[in-house]
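Chains A and B supply the protein sequences, listed in that same order. Convert by adding 1 to the 1-based position in the first sequence; the result is the number in this note's numbering. Convert by adding 96 to the 1-based position in the second sequence; the result is the number in this note's numbering. We put the CB at the ideal spot given by N, CA and C, even for glycine. See below for the structure under consideration.
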Amino acid sequence: MSLLLGCGVCCMLLSIWAILQLFVMGIFFKMEVLAFIEEAEPDHHGYEDYDDFMKQTKENYQLIAVNCWVATFIYVITLGLSYMCIKHAKNKERMAADNVQDDETYCRSKAKRL
Amino acid sequence: MGSLFRSEEMTLCQLFLQSEAAYACVSELGELGLVQFRDLNPDVNAFQRKFVNEVRRCDEMERKLRYLEKEIRRDGIPMLEIPGEVPEAPQPREMIDLEATFEKLENELREVNQNAEALKRNYLELTELKHILRKTQVFFDEMADPSREEEQVTLLGEEGLMAGGQALKLGFVAGVILRERIPAFERMLWRACRGNVFLRQAEIDTPLEDPSSSDQVYKSVFIIFFQGDQLKTRVKKICEGFRATLYPCPEAPADRREMAMGVMTRIEDLNTVLGQTQDHRHRVLVAAAKNIKNWFVKVRKIKAIYHTLNLFNLDVTQKCLIAECWVPALDMETIQLALRRGTERSGSSVPPILNRMETLEDPPTYNRTNKFTSAFQNLIYAYGVATYREVNPAPYTIITFPFLFAVMFGDLGHGALMAAFGFWMCYKEKPLQAKKIDSEIWNIFFGGRYIVLLMGLFSMYTGLIYNDIFSKSLNIFGSSWQNNYNESTLRENKALQLNPDSEDYLQYPYAFGIDPVWQLAEANKIIFMNAYKMKISIIIGVFHMLFGVCMSLWNHIYFKRRISIYVEFIPQIMFLTLLFFYMVLLMFIKWTTYGPTPPYFGSQDPEIVKTSGFCAPSILITFINMMLFKTDANTRPQCDPTMFAGQIGLQKFFVILALMCVPVMLFGKPYYLMKEQKKRDSQAHQSMEAAAENGAAGGAPAPAPRGHDDDITEVFIHQAIHTIEYVLGSVSHTASYLRLWALSLAHAQLAEVAWNMLLRKGLKSAGYQGGIYLYVVFAGWAAISVSILVLMEGLSAFLHTLRLHWVEFQSKFYSGEGYLFQPFSFEVILDSAGQTEE
Chain A
2 MSLLLGCGVC
12 CMLLSIWAIL
22 QLFVMGIFFK
32 MEVLAFIEEA
42 EPDHHGYEDY
52 DDFMKQTKEN
62 YQLIAVNCWV
72 ATFIYVITLG
82 LSYMCIKHAK
92 NKERMAADNV
102 QDDETYCRSK
112 AKRL
Chain B
97 MGSLFRSEEM
107 TLCQLFLQSE
117 AAYACVSELG
127 ELGLVQFRDL
137 NPDVNAFQRK
147 FVNEVRRCDE
157 MERKLRYLEK
167 EIRRDGIPML
177 EIPGEVPEAP
187 QPREMIDLEA
197 TFEKLENELR
207 EVNQNAEALK
217 RNYLELTELK
227 HILRKTQVFF
237 DEMADPSREE
247 EQVTLLGEEG
257 LMAGGQALKL
267 GFVAGVILRE
277 RIPAFERMLW
287 RACRGNVFLR
297 QAEIDTPLED
307 PSSSDQVYKS
317 VFIIFFQGDQ
327 LKTRVKKICE
337 GFRATLYPCP
347 EAPADRREMA
357 MGVMTRIEDL
367 NTVLGQTQDH
377 RHRVLVAAAK
387 NIKNWFVKVR
397 KIKAIYHTLN
407 LFNLDVTQKC
417 LIAECWVPAL
427 DMETIQLALR
437 RGTERSGSSV
447 PPILNRMETL
457 EDPPTYNRTN
467 KFTSAFQNLI
477 YAYGVATYRE
487 VNPAPYTIIT
497 FPFLFAVMFG
507 DLGHGALMAA
517 FGFWMCYKEK
527 PLQAKKIDSE
537 IWNIFFGGRY
547 IVLLMGLFSM
557 YTGLIYNDIF
567 SKSLNIFGSS
577 WQNNYNESTL
587 RENKALQLNP
597 DSEDYLQYPY
607 AFGIDPVWQL
617 AEANKIIFMN
627 AYKMKISIII
637 GVFHMLFGVC
647 MSLWNHIYFK
657 RRISIYVEFI
667 PQIMFLTLLF
677 FYMVLLMFIK
687 WTTYGPTPPY
697 FGSQDPEIVK
707 TSGFCAPSIL
717 ITFINMMLFK
727 TDANTRPQCD
737 PTMFAGQIGL
747 QKFFVILALM
757 CVPVMLFGKP
767 YYLMKEQKKR
777 DSQAHQSMEA
787 AAENGAAGGA
797 PAPAPRGHDD
807 DITEVFIHQA
817 IHTIEYVLGS
827 VSHTASYLRL
837 WALSLAHAQL
847 AEVAWNMLLR
857 KGLKSAGYQG
867 GIYLYVVFAG
877 WAAISVSILV
887 LMEGLSAFLH
897 TLRLHWVEFQ
907 SKFYSGEGYL
917 FQPFSFEVIL
927 DSAGQTEE
């Protein structure tokens, strides 16, 4: 059971980090920030002249921004799923703990085993 | 007022306790946790001490409690933690009540367990009988039909039946055996009875529970037909050997049916009884589970008190117990109050007496720390406990440790992750502590939560200075570099340089930290950062070491070693300053003197060339030439050979002065000690002569000259080792600080590789599946970042910082030859008992 809880917590933390980082990176790509030039520039021989280079670079910036936001959205879904996983795992743990405390259910299950 | 500056003042005290009040007083002192008792009966065997009976009773109680705990754990019942306050040690008379309770519980539980086992055995027998009756029905049915197979009733053949007068009746035994044993059993029967017995077997489908081991085992029913008494005994013996249980099975089907019904009813009854037994056991255990932690604490406290009482001495009058203890001098009042409380509680009239004792022994080292400072103090203690009343490096470590870590780890993103982790641990401190998690790795991280938090925050700061967040830079204030090349130049050249001695550089630096453009400079980013980081490392290192040497001054002053100040501290400081602090100054001079002169970029005017970047000398070469008294040929004729006027002369002077410090360090102290000895010897002679003149009327001779415990060669050797260590160490330690540069370079490069090889592939992917691909790649990049860059690099930087503190910093002043103050404290005892239990 704690495996499900562990997975849930990991996914939740990863999703929160991913949402923050990818969203901000998407904005930066939209703003055509120079720090990301190496991600956006076309390959070494993939362009003919200066104007083509600039055009491709600008296009790439926009495309990557969209990529980032799409990934952000998928991580939002993952966040929701992980939250539900954690809730489910906690519920199960609580019910198992209650079961042990309750004399009747405990002894009934024990007698059945014999 | 106690402080972290140096360890607390301790006094050795003698404690006189009246025997009736002793228990209560020791209980109060245990709650307080400020007193370290000494063992006054070291040669007495554990079995001959005064309170050995009480300790034995406590051990017995603990054994019973452990048995109860094992049973509770076996049933999976949760044991409640103690709500509210930890209970106090109970009075001695309460011990009898506790013993009675535990005895009762243990007996009850053992009885229930025994009954349950007997019942289960019974149940097993009945179940096996039930299976036998069912399966043998099949055998007898087949037997009843004579026209079936040959190997049936007429085992002896028709002749046997017809020949003898009487019909030969076949006997049989029925039983149950473990399935695994059947092949061997069959073989043995065949061989022993020479094939004259007939075995039929059928498997029991459901596994049965073995009562003693609670395992589920598979068994088979068998029935053996034989003729004659001899075979019967033989078969019975073989069954015994294979531990098969035999059951009486009636021949007639009607009898069998009746028996089957009887068995069924008995099984039902037994089930009910078993259920009720388990129920009762569970109730007993649940009731016990509510109190068991409480009881454990009480019993452990009683045991601890009696162990401590065993350390005391009994007074001649047998009415009073004497104890010797180390006590922090500032806490005498608190201890007196505790003792008074104890005597009041026990109803005794005689107040306890706490006496100070004079002693020449070394007291233990005690530092009063809180949850924040204790982590840093433990880092220092891990290397060596401070000598009594020595200057404590811990308060400075609170800042220098995270700072040096951050210089090696500087990344805003990774620092933020570490700070978030540390913040969560500190914020959720109380609930996490209450959980008492077992894992040792977790306990290490949790114990250092404040260190982790500080390291993360400082790393965020140095990340901003290095302008590095996950290997990308942030352009917050606008870069100070601009591109002035025209389009054709850009198109034709693969790589171009921006010259700071031109309009390319705006002549004022980026407002905070490294300019963001450097992250994009593939070709010479590393060369530039190397120059910067190496100089910073040496500057930080020299300051750290100078600070360490200054700490030794405080030690010399406190321990009144005035001569050490003159022959050790002053030469040490001079050596370090004249050589390495001078090098630091050279770095600052180089930074400020050489650079572009704004209106006259690239001018050839000799005056301007002399202060341009072209003429900046190499600090390392300058330093090496300084030490070797060498001058290189000037390869750049437009430049001055020196940085400032009189540099060569000044450097020669510094080196000679520094070298003169070495013999002072080497011979100063031994020479002074030799002089002192001669003076003492001559004084002793004089006083002895004076005593002889006065007519020594049976007076004792003058006190022998104290102190020259080691002869003079040992002092020389000791001092030589110290000097060589310091002199050579100053060179090697200064270079050792370059690890600050090396690790930060490694971290930056690893982060860059992770981004370029992983995340860039995800970002560049095209089309609609690009987003999904990025989703997957980001998870991988995040995993690599956390595991390699935060965890592995973090541990590595932590280790190197620790080494820098322990070796480079502390070797300048720390002797670390003390022993730790370990007070008698219930908290400590309960914690360690709880841990060993798990």
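N-terminal and C-terminal residue of the beta strand (DSSP E) that residue 428 (chain B) is part of: For the purposes of this step, residue 428 (chain B) is taken as the residue at position 332 of the second sequence. Premise fails: residue 428 (chain B) lies in the alpha helix (DSSP H), 428-442, not in any beta strand (DSSP E).
Does the stretch 393-408 of chain B come within contact of the stretch 150-160 of chain B, defined as at least 3 CB pairs closer than 8 Å? yes
Give a yes or no on contact between the stretch 60-72 of chain A and the stretch 844-862 of chain B, applying the rule of three or more CB pairs nearer than 8 Å. Three or more beta-carbon pairs drawn from the stretch 60-72 of chain A and the stretch 844-862 of chain B are found closer than 8 Å, and the two stretches are therefore classed as touching.
Proximal residues to residue 36 (chain A) (C-beta, below 8 Å), its chain only, five neighbours per side dropped: As a working note, residue 36 (chain A) is residue 35 in the first sequence. Closer than 8 Å at Cβ, skipping near neighbours: 29.
Just the C-alpha distance for residue 560 (chain B) and residue 896 (chain B), rounded to the nearest angstrom, thanks. The count along the second sequence starts at 1 and reaches residue 560 (chain B) at position 464. The count along the second sequence starts at 1 and reaches residue 896 (chain B) at position 800. If I take the Cα positions, the gap works out to 22 Å.
Determine the chain B residues that contact residue 38 (chain A) at a beta-carbon separation under 9 Å, and present them in chain order. Walking along the first sequence from the start, residue 38 (chain A) turns up at place 37. The answer, in chain order, is 616.
For chain B, find out if any of its Cβ atoms is closer than 8 Å to the Cβ of residue 115 (chain A); answer yes or no. Within the first sequence, the letter at position 114 stands for residue 115 (chain A). Because the pLDDT at residue 115 (chain A) is just 47, under 50, the model does not fix this residue reliably, and the value given afterwards should be weighed accordingly. Judged by the 8 Å Cβ criterion, residue 115 (chain A) is in contact with chain B.
To the nearest angstrom, how far is the alpha carbon of residue 171 (chain B) from that of residue 165 (chain B)? Translated into the one-based positions of the second sequence, residue 171 (chain B) becomes position 75. Translated into the one-based positions of the second sequence, residue 165 (chain B) becomes position 69. Each residue's alpha carbon lies about 10 Å from the other.
Quick one, which of B:766, B:386, B:407 and B:905 has its alpha-carbon nearest residue 825 (chain B)'s? Counting from 1 along the second sequence, the entry for residue 825 (chain B) is found at position 729. Comparing alpha carbon positions, the residue from B:766, B:386, B:407 and B:905 closest to residue 825 (chain B) is B:905.
How many Å lie between residue 607 (chain B) and residue 424 (chain B) at the Cα? One-based indexing of the second sequence puts residue 607 (chain B) at position 511. One-based indexing of the second sequence puts residue 424 (chain B) at position 328. Cα to Cα, residue 607 (chain B) sits roughly 52 Å from residue 424 (chain B).
Pair every Cβ in the stretch 554-572 of chain B with every Cβ in the stretch 492-509 of chain B, then say whether three or more of these pairs are closer than 8 Å. Touching, yes, given that three or more Cβ pairs across the two stretches are closer than 8 Å.
What residues from the stretch 573-597 of chain B come within 7 Å of chain A, judged by C-beta to C-beta, listed N to C? 583 and 587
Counting only C-beta atoms, is residue 174 (chain B) closer than 8 Å to chain A at any point? Position 78 of the second sequence, counted from the first residue, corresponds to residue 174 (chain B). Put simply, the CB of residue 174 (chain B) is near chain A, with a gap under 8 Å to one of its CB atoms.
Own chain partners of residue 819 (chain B) with C-beta closer than 6 Å, once the 5 adjacent residues on each side are dropped: Residue mapping note: residue 819 (chain B) aligns to position 723 of the second sequence, counting from 1. So the qualifying residues of the chain are 761 and 762.
Could you name the residues of the same chain whose beta carbon sits closer than 8 Å to that of residue 743 (chain B), not counting the 5 residues immediately before and after it, in chain order? Your numbering for residue 743 (chain B) matches position 647 in the second sequence. No residues qualify anywhere along the chain.
Euclidean distance between Cα positions of residue 711 (chain B) and residue 702 (chain B): Sequence index remark: in the second sequence, residue 711 (chain B) carries index 615 (1-based). Sequence index remark: in the second sequence, residue 702 (chain B) carries index 606 (1-based). Cα-Cα distance, rounded: 11 Å.
Can you name the start and end residues of the alpha helix (DSSP H) that residue 46 (chain B) belongs to? This structure does not reach residue 46 (chain B), given that chain B is present from 97 up to 934, and the question cannot be answered.
Please check if any C-beta of chain B sits within less than 8 Å of the C-beta of residue 86 (chain A). Your numbering for residue 86 (chain A) matches position 85 in the first sequence. No - not a single Cβ of chain B is within 8 Å of the one on residue 86 (chain A).
Same chain only: Cβ atoms within 6 Å of residue 134 (chain B), ignoring 5 sequence neighbours per side: Taking the first residue of the second sequence as position 1, residue 134 (chain B) is located at position 38. Answer for residue 134 (chain B): 420, listed in chain order.
Grab me the residues of residue 734 (chain B)'s own chain with a C-beta within less than 8 Å of its C-beta, minus the 5 sequence neighbours each way, in chain order. Position 638 of the second sequence, counted from the first residue, corresponds to residue 734 (chain B). If we look at residue 734 (chain B) and ignore the five residues flanking it on each side, its Cβ neighbours are 702, 705, 706, 710 and 711.
Mind checking which residues open and close the beta strand (DSSP E) that includes residue 295 (chain B)? Looking up residue 295 (chain B) in the second sequence gives position 199. Counted as a single uninterrupted DSSP element, the beta strand (DSSP E) harbouring residue 295 (chain B) occupies residues 294-299.
Only counting the same chain, and skipping five residues up and downstream in sequence, which positions put a Cβ closer than 7 Å to that of residue 313 (chain B)? As a position in the second sequence, residue 313 (chain B) is number 217, starting the count at 1. 274, 303, 304 and 306.
For the stretch 44-61 of chain A, enumerate the residues whose C-beta is nearer than 7 Å to any C-beta of chain B, in chain order. 51
Assign residue 261 (chain B) to one of three DSSP states: helix, strand, or coil. Position 165 of the second sequence, counting from 1, holds the residue named residue 261 (chain B). Low local confidence applies: a pLDDT of 45 at residue 261 (chain B) is under 50, so the model's placement there is unreliable, and no value is given.
Residue 552 (chain B) and residue 471 (chain B) - do their beta-carbons sit closer together than 8 Å? Along the second sequence, read from residue 1 onward, the residue named residue 471 (chain B) stands at position 375. Along the second sequence, read from residue 1 onward, the residue named residue 552 (chain B) stands at position 456. No. Outside cutoff.
Answer yes if the stretch 429-441 of chain B comes into contact with the stretch 123-138 of chain B, meaning at least three C-beta pairs across the two stretches below 8 Å, and no otherwise. Segments in contact, yes.
Between which two residues does the alpha helix (DSSP H) harbouring residue 478 (chain B) extend? The residue you call residue 478 (chain B) lines up with position 382 of the second sequence. For residue 478 (chain B), no alpha helix (DSSP H) run applies, since DSSP gives it neither H nor E.
Just to confirm the assignment, what range does the alpha helix (DSSP H) spanning residue 158 (chain B) have? Residue mapping note: residue 158 (chain B) aligns to position 62 of the second sequence, counting from 1. First-last of the alpha helix (DSSP H) with residue 158 (chain B): 148-171.
Please confirm if the stretch 888-895 of chain B is in contact with the stretch 836-855 of chain B, defined as three or more CB-CB distances below 8 Å between the two stretches. yes
CB-CB length for residue 645 (chain B) against residue 669 (chain B), believed under 8 Å: Taking the first residue of the second sequence as 1, we reach residue 645 (chain B) at position 549. Taking the first residue of the second sequence as 1, we reach residue 669 (chain B) at position 573. Residue 645 (chain B) to residue 669 (chain B), Cβ: 6 Å. Contact.
Quick one: what does DSSP say residue 568 (chain B) is sitting in, helix, strand or coil? Here residue 568 (chain B) refers to the residue found at position 472 of the second sequence. DSSP places residue 568 (chain B) in strand when its eight states are reduced to three.
Reference residue 495 (chain B), options B:473, B:477 and B:486, closest by Cα: Residue mapping note: residue 495 (chain B) aligns to position 399 of the second sequence, counting from 1. That would be B:473, whose Cα lies nearest to the Cα of residue 495 (chain B).
Contact criterion: CB-CB distance below 8 Å. Does residue 17 (chain A) meet it with respect to chain B? Position 16 of the first sequence, counting from 1, holds the residue named residue 17 (chain A). Cβ-Cβ to chain B under 8 Å: no for residue 17 (chain A).
Roughly how far, in whole angstroms, is the beta-carbon of residue 442 (chain B) from the beta-carbon of residue 120 (chain B), given that I think they are within contact range, below 8 Å? Working through the second sequence from its first residue, we reach residue 442 (chain B) at position 346. Working through the second sequence from its first residue, we reach residue 120 (chain B) at position 24. Confirmed, about 4 Å.
Straight-line CA distance for residue 402 (chain B) to residue 203 (chain B)? Indexing the second sequence from 1 puts residue 402 (chain B) at position 306. Indexing the second sequence from 1 puts residue 203 (chain B) at position 107. Cα-Cα distance, rounded: 27 Å.
Any beta-carbon of chain B closer than 8 Å to the one on residue 10 (chain A)? For this step, residue 10 (chain A) is matched to residue 9 along the first sequence. It does not: the Cβ of residue 10 (chain A) has no partner Cβ on chain B nearer than 8 Å.
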